[in-house]
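Q: Residues 942 to 1090 (this note's numbering) make up the sequence shown, in order. We treat Cβ as the ideally placed atom computed from N, Cα and C, and that holds for glycine.
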Amino acid sequence: MSLSTNIMTALKDAMRSKDQTALTALRAVKSAILLAQTETGSKEELTEEQELKILQKQVKQRKDSAAIFLAQNRKDLAEPELAEAEVIAQFLPEAMSEEAIAKVVEDVISQTGANGMKDMGKVMGMVSGQLAGKADGKTISNIVKEKLS
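1) According to DSSP, is ASP1077 helix, strand or coil?
2) Please report the straight-line C-alpha distance between VAL1045 and GLN997, rounded to a whole angstrom.
3) What did DSSP end up calling PHE1032 once you bin it into helix, strand or coil?
4) Does the count of Cβ pairs from the stretch 1022-1042 and the stretch 999-1006 closer than 8 Å reach three?
5) Does the distance from the C-beta atom of VAL1049 to that of MET1067 stay below 9 Å?
6) Just how far apart, CA to CA, sit LEU1089 and THR1080?
7) Within the same chain, show all residues whose beta-carbon is closer than 6 Å to that of GLU992, passing over the 5 residues directly before and after it, in chain order.
8) Look at the Cβ atom of ALA966, then the Cβ atom of ILE995, and state whether they are nearer than 9 Å.
9) What three-state label does DSSP hand SER1038 in the structure shown?
10) Count the other C-beta atoms from every protein chain shown that fall within 10 angstroms of the C-beta of ARG1015, then say buried if there are 16 or more, exposed otherwise.
11) Report the rounded CA-to-CA distance for ILE1084 versus ARG957, giving the unit in angstroms.
12) Can you tell me the Cα-Cα spacing of GLU1020 and GLN961, whole angstroms?
13) May I have the straight-line CA-CA distance separating GLU1039 from GLU1047, to the nearest angstrom?
14) Quick check on the burial criterion: 16 or more other C-beta atoms within 10 angstroms. Buried or exposed for ALA1008?
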C-alpha cells in the first residue's frame, strides 16, 4: 500500500473519530502531495521517496513553528503544532540513530578521501543521498562538521 493511500485511510479515520488535530495535519499533507503532483503538470504518482521528503518537510515546518511559538512564550500555539508533527511523523520510517549516521559519514569520508571543511559539500551530497528519508539534514550536517574538523 502506498504512502498516499495510507494517508487517505488515516484521513478518513480522523474524520470518523472527529480528531481535529489529525484531520488538520493530514489535510495539509494531502494538499502538499497534490500540489507536488500537479506542479510538474503530469498525472503521474509521486515516488515514495518524494512523498517521504514532503512528509519530512511538513514535520520540520511544524517543529520550527512550535520552537518559534515557545520562544515567544506562546505554549497555547506551540502545542497544536507539536501534536500535528506527531501525527505526520507516524508515516515516516524510523529515524536512524546518530551512531548509525556517524558510521555512514565515516564510510563516505574514507571513500572520497575528504579531509577538512573544504570537502563538506561533497560529503554532504553523498551522505544525504544515501540517507534520504532516514535522517534529518541538520543532524547529518552536524555530524559531518564534527568528523571533518
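A: The structure says:
1) Position 136 of the sequence shown, counted from the start, is the residue given in the question as residue 1077. In the three-state reduction of the DSSP assignment, ASP1077 falls in the coil class, being assigned neither a helical nor a strand state.
2) Mapped onto the sequence shown, residue 1045 falls at position 104. Mapped onto the sequence shown, residue 997 falls at position 56. Roughly 20 Å separates the two Cα atoms.
3) Translated into the one-based positions of the sequence shown, residue 1032 becomes position 91. Here PHE1032 sits in coil by DSSP.
4) Taking a cut-off of 8 Å on C-beta distances, the stretch 1022-1042 touches the stretch 999-1006, as three or more cross pairs fall below it.
5) Here the question's residue 1049 lines up with position 108 in the sequence shown. Here the question's residue 1067 lines up with position 126 in the sequence shown. A contact, by the Cβ cut-off of 9 Å.
6) Here residue 1089 refers to the residue found at position 148 when the sequence shown is read from its first residue. Here residue 1080 refers to the residue found at position 139 when the sequence shown is read from its first residue. So the two alpha carbons sit approximately 14 Å from each other.
7) Translated into the one-based positions of the sequence shown, residue 992 becomes position 51. Within the same chain, GLU992 has close Cβ partners LEU944.
8) Here residue 966 is taken as the residue at index 25 of the sequence shown, counted from 1. Here residue 995 is taken as the residue at index 54 of the sequence shown, counted from 1. No, they are not a contact pair.
9) Residue mapping note: residue 1038 aligns to position 97 of the sequence shown, counting from 1. Three-state result, SER1038: coil.
10) By one-based count along the sequence shown, residue 1015 stands at place 74. Answer is exposed; the Cβ neighbour count stays below 16.
11) Taking the sequence shown and counting its residues from 1, one reaches residue 1084 at position 143. Taking the sequence shown and counting its residues from 1, one reaches residue 957 at position 16. Distance between the alpha carbons of ILE1084 and ARG957 is about 43 Å.
12) Along the sequence shown, read from residue 1 onward, the residue named residue 1020 stands at position 79. Along the sequence shown, read from residue 1 onward, the residue named residue 961 stands at position 20. Distance between the alpha carbons of GLU1020 and GLN961: 13 Å.
13) Within the sequence shown, residue 1039 is the residue found at index 98, counting from 1. Within the sequence shown, residue 1047 is the residue found at index 106, counting from 1. In this structure, the straight-line span from the alpha carbon of GLU1039 to that of GLU1047 is close to 12 Å.
14) For this step, residue 1008 is matched to residue 67 along the sequence shown. By the 10 Å Cβ count, ALA1008 comes out exposed.
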